[in-house]
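This report concerns only the one structure given below.
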Amino acid sequence: MHLSGAHDSQEHNQGERLAVAADILSLLADRTRLALLRRLSEGEADVTTLTAACDLARPAVSQHLARLRLADLVTTRKEGRRVIYALRHGHLRRLVDEALNAADHQLGHLPPHD
1 MHLSGAHDSQ EHNQGERLAV AADILSLLAD RTRLALLRRL SEGEADVTTL
51 TAACDLARPA VSQHLARLRL ADLVTTRKEG RRVIYALRHG HLRRLVDEAL
101 NAADHQLGHL PPHD
């Protein structure tokens, strides 16, 4: 009986789960945010490092980081006067890697595989 209730709960939350996943994917659909997350998949970084990695003005990078932070996709910590950013979890790193791998396949006309 308990398992049935757990299953019903999972079914009930499916709509919410899909909505959150769509929100995450919409945030990744922006080239700058994707570049920021790709760089953060290599490890923590401050705004100066992220600005250089994206080749954009600091205010633009800061705005994108704020959106990622509000969406709870990145974490921050203070190190002296600097704010250090990191990915919230490895799922994001793998999601970004897979998106870039799919792009490599399309650009390189590589055969599909599992």
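Sequence positions in the sequence shown follow full-length UniProt numbering and run 1 to 114.
Note that CB positions come from ideal geometry on N, CA and C, so glycine has one too.
Can you tell me where the alpha helix (DSSP H) holding residue i begins and where it ends?
i	result
A60	R58 to L70
Compare the Cα-Cα distances from residue i to each of the options and report the closest residue.
i	options	result
L36	L56, K78, P112 and A103	L56
R67	S26, G90, E98 and D114	S26
R31	K78, A99, G80 and H89	A99
H89	D72, S62, D104 and L65	D72
D23	E79, L92 and A102	L92
Just verifying my parser: in three-state terms, what is the DSSP assignment at residue i?
i	result
D114	coil
A29	coil
D23	helix
R88	coil
D97	helix
D55	coil
Could you spell out where the beta strand (DSSP E) holding residue i opens and where it closes?
i	result
R77	V74 to E79
Under 8 Å by Cβ, that's how I've got residue i and residue j pegged, so tell me the actual separation to the nearest angstrom.
i	j	result
I84	E44	5 Å
L87	V74	6 Å
V47	R33	V47 to R33, Cβ: 14 Å. No contact.
R82	T76	With a Cβ gap of about 10 Å, R82 and T76 do not count as contacting.
Residue j and residue i - do their beta-carbons sit closer together than 9 Å?
i	j	result
L50	R39	yes
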